[in-house]
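Below: one structure, written as C-alpha cells.
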Amino acid sequence: MTQTDRQQQGPAGFRAGWKVFWVGFLVRILYITVAHTYRFSPVGNHFAFGFEMGRVARALALGHGYADPFDGRTGPTTWVPPLYPLLLAGVFRLFGIYTLLSGWIILAINSLFSALTALTTHEIAARCYGRRVAFWSAWIWALYPAALQYAVRWVWEMSLSTYLLTWVVVLALRMRGVGEEPADLHGAEPRSFSRWLLFGGVWGLVALSNPSLLLFLPAAGLWVLRGARDLRKQTGYAVASAAVFLFCIAPWVVRNALVFHRFIPMRANFGAELYMGNGPGATGFLMEYDHPYQARDQLRLYREMGEVAYAQMRGRAAERIIAADPGLFVRNTIKRFYFFWVSVPHPSGKTWIIEAGRVLNYSFASLAGLLGLGLALRRRKPGAWLFFWAFVLLPLIYYFVTVHARFRNPLEPMIAILAVYLFRSADRSRWFSWQSVRG
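Just so we're aligned, residue 34 is where the sequence shown starts under my numbering, counting upward by one.
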C-alpha cells in the first residue's frame, strides 16, 4: 500500500466518490432508453420478461400467491428464490404487468444495483490493493459493457445478487480491519457486534436472492473469525449473526413448510435442474428443450404431480443416468468448468468473428483474474485467501448441473479487481526495471 493510501485510511478513505456511481448509473439508463431494451418480446405471453421470475411476479400481482412459474395456473412454487420476484411484483402492481413502463422501471432498478456495485468494488480494491487499483476497478465496473449487460437487458436477479455479495466481502474486510493501521482502529476490535449482525443480515438477503452463493458463506465466516483476539467472544457474535441470518430466511422456510408440508430451506427444484443438465444425450448445456417452459409433456407432468414430486422424480432419473454412465457425467462436468472460465458458446446465429470476440473477452478476463489471484496469494496480500475461496466455491454447483454466462456475474467484480491488480503490478515491475537500467 502506498504512502498516500496510508494517509487516507479509515473507512471514508476507502470509499469512492459518488461520481463513479452517477456516471455508471446514467450510462445504463441512457442505454436502456436509447436501445429500447425495455421492449421485451411478447412471444410466449411475454415469457422473456423475467422468465420464471416474471411469471411468479405476475401471479403475486394478480393475487394468486407465490405460484405459477410457467404457463397457466400450475400451483405454488419454490422454483425461484423470493427476493427478486417480490421486487418485480411490486413494480407490476404499480406500473402494470408486462408493460413497457414496468420494463423500463425494473431495468432501471437493476442499473441502480449495478452502479452501486462500483462503490463496493472500489472499497474492496482500496482495502486490499490500494487506491490506484480501486480507481481503475470501479471505473471498469461502471463503464465496461460486459459488466453492465445483465443490468440493462435481463429481468433477473444478477445485479441484485452481485451487489449483495460485494457487500458481504466489504463487511468481511472491514471486520478484519484490512487496509487499516492499528492506530486507525484506536484499539477497538473491528469485528464489532453490530457488524456481525449486519453480516448475518446481508447473507440472509443473499440467500433469498441467489441461494447458490451460500456455498461461500462458511468460508467467509471462518475467514472473519480467523485471528480474533477473543475467540470465545467473537464466536458468540458469530452465533448471533447466524441467528439474524436464520431470522431473515425464516418466513420463506415457514411458508414452504406450510404450503408443501415438508422442510424446504430454499428451493425444491434441484432434481429437475440436475436432470436437465445430465439427462439422456446431455452435452454440458442445459437441455432447455426438455424444460417445462418449452416441453408441453413436461409442463403437464409438472402440473399434475406438483413441483416437489416432479423435481424428485426427475432427480431420481438423473441419478440413475449418472450411475449408468459416470464417464459422460465427468466429461460434461469438465465441459461446464471450461464454459464457466473460458466462455459459454452463444446460441446459433452469431458469426464466428463475433463468437471469437466473445471467447477472447471472456477468457482474457478469467485468465487475468486468476493470475492476479495467484500473484496476490504469492505476495500474501490481504484478502487474497477470501478471494481464493470465492473463486473455488461460488462456481462449484454449476460445474455439476449447468452453466450460463450470467452465473459468473457475482464473481465478476473480484475478477476485475484482481485483473487490474495484475496489470498494475506488471507496470510497476517494468518501471523499476527501467529505472535500474537508466541508473
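Glycine is no exception: its CB is placed at the ideal position from the N, C-alpha and C atoms.
Bear in mind that the values here come from a model prediction, so they are computed numbers and not experimental data.
Assuming residue 427 contacts residue 417 (C-beta within less than 8 Å), just tell me the rounded distance between them. Along the sequence shown, read from residue 1 onward, the residue named residue 427 stands at position 394. Along the sequence shown, read from residue 1 onward, the residue named residue 417 stands at position 384. Between residue 417 and residue 427 the Cβ distance is about 16 Å, and since that is not below 8 Å, they are no contact.
- In three-state terms, what does DSSP make of residue 167? Here residue 167 refers to the residue found at position 134 of the sequence shown. DSSP, reduced to helix, strand and coil, places residue 167 within a helical segment of the structure shown.
Exercise. Quick one: is residue 67 buried, meaning 16 or more other Cβ sit within 10 Å of its Cβ, or exposed?
Worked result: Here residue 67 corresponds to residue number 34 of the sequence shown, with the count starting at 1. It is exposed - the Cβ of residue 67 has fewer than 16 other Cβ atoms within 10 Å.
Taking residue 296 as the reference, give the member of 306, 283, 305, 308 with the closest Cα.
Reading the sequence shown from its first residue, position 263 is the one you call residue 296. Of the candidates 306, 283, 305, 308, the residue whose Cα lies closest to the Cα of residue 296 is 283.
Since residue 324 and residue 346 should fall inside the 8 Å C-beta cutoff, what is the C-beta to C-beta distance between them, to a whole number of angstroms? Residue numbering aside, residue 324 sits at position 291 when the sequence shown is read from its first letter. Residue numbering aside, residue 346 sits at position 313 when the sequence shown is read from its first letter. The pair is not a contact, with the Cβ atoms about 15 Å apart (cut-off 8 Å).
ask   = With respect to the alpha helix (DSSP H) encompassing residue 268, which residues constitute its N-terminal and C-terminal limits?
value = As a working note, residue 268 is residue 235 in the sequence shown. Unbroken alpha helix (DSSP H) run through residue 268: 264-293.
**Report entry** Distance, residue 227 Cα to residue 392 Cα
**Finding:** Position 359 of the sequence shown, counted from the first residue, corresponds to residue 392. Position 194 of the sequence shown, counted from the first residue, corresponds to residue 227. Per the coordinates, the alpha-carbon of residue 392 lies some 44 Å from the alpha-carbon of residue 227.
**Request:** Tell me whether residue 52 sits in a helix, a strand or coil according to DSSP, three-state version.
**Result:** Residue 52 sits at position 19 when you count from the first residue of the sequence shown. Of the three classes helix, strand and coil, the one that applies to residue 52 here is helix, per DSSP.
Just the C-alpha distance for residue 212 and residue 222, rounded to the nearest angstrom, thanks. Here residue 212 refers to the residue found at position 179 when the sequence shown is read from its first residue. Here residue 222 refers to the residue found at position 189 when the sequence shown is read from its first residue. Taking the straight line from one Cα to the other gives about 14 Å.
| Under 8 Å between the Cβ atoms of residue 150 and residue 196? | The sequence position of residue 150 within the sequence shown is 117, counting from 1. The sequence position of residue 196 within the sequence shown is 163, counting from 1. Between residue 150 and residue 196, the CB-CB gap stays under 8 Å.
- Item | Residue span of the alpha helix (DSSP H) that contains residue 233, given as start and end | Residue numbering aside, residue 233 sits at position 200 when the sequence shown is read from its first letter. Segment 226-242, the alpha helix (DSSP H) holding residue 233.
field: CB-CB length for residue 173 against residue 449, believed under 8 Å
entry: The residue given as residue 173 occupies position 140 in the sequence shown. The residue given as residue 449 occupies position 416 in the sequence shown. Under the criterion of beta carbons closer than 8 Å, residue 173 and residue 449 qualify as touching, at roughly 5 Å.
Under 8 Å between C-beta atoms of residue 406 and residue 420: Within the sequence shown, the letter at position 373 stands for residue 406. Within the sequence shown, the letter at position 387 stands for residue 420. Yes; because the gap between Cβ atoms is below 8 Å, this pair is in contact.
Would you call the stretch 320-338 and the stretch 366-375 touching, i.e. three or more CB-CB distances under 8 Å?
-> These segments do not touch.
task: Starting from the Cα of residue 258, find the closest Cα among 278, 204, 234 and give me that residue.
output: Numbered from 1 along the sequence shown, position 225 holds the residue referred to as residue 258. Distances from the CA of residue 258 to each of 278, 204, 234 were compared; the closest alpha carbon is that of 204.
Q. Distance, Cα to Cα, residue 390 vs residue 396?
A. Here residue 390 refers to the residue found at position 357 of the sequence shown. Here residue 396 refers to the residue found at position 363 of the sequence shown. When rounded, the distance between both Cα atoms is 10 Å.
**Request:** Count the other C-beta atoms from every protein chain shown that fall within 10 angstroms of the C-beta of residue 414, then say buried if there are 16 or more, exposed otherwise.
**Result:** Position 381 of the sequence shown, counted from the first residue, corresponds to residue 414. So residue 414 counts as buried.
Spatial distance of residue 261 from residue 84 (CA atoms):
By 1-based counting over the sequence shown, the position of residue 261 is 228. By 1-based counting over the sequence shown, the position of residue 84 is 51. As the crow flies, the alpha-carbon of residue 261 is around 45 Å from that of residue 84.
*asked:* With a threshold of 6 Å on Cβ separation, who are the neighbours of residue 191 within its own chain once the five nearest residues in sequence on each side are excluded?
replied: As a first step, residue 191 must be located in the sequence shown, where it is residue number 158. Cβ within range, chain order: 183, 439, 442.
Skipping 5 residues on each side, what residues in its chain have a beta carbon closer than 6 Å to that of residue 92? Within the sequence shown, numbered from 1, the residue matching residue 92 stands at position 59. Around residue 92, the same chain offers 100, 101 as residues with beta carbons nearer than 6 Å, after the five sequence neighbours per side are excluded.
Tell me which residue opens and which closes the alpha helix (DSSP H) that residue 93 is part of. Counted from its first residue, the sequence shown places residue 93 at position 60. Residue range 84-94 is occupied by the alpha helix (DSSP H) that includes residue 93.
Open item on the list: Assuming residue 370 is part of the alpha helix (DSSP H), what are its boundary residues?
Closed with: Residue mapping note: residue 370 aligns to position 337 of the sequence shown, counting from 1. Residues 359-374.
* Asked: Between residue 70 and residue 186, is the Cβ-Cβ spacing less than 8 Å?
  -> To locate residue 70, count along the sequence shown from 1; it is residue 37. To locate residue 186, count along the sequence shown from 1; it is residue 153. Cβ distance < 8 Å, so residue 70 and residue 186 count as in contact.
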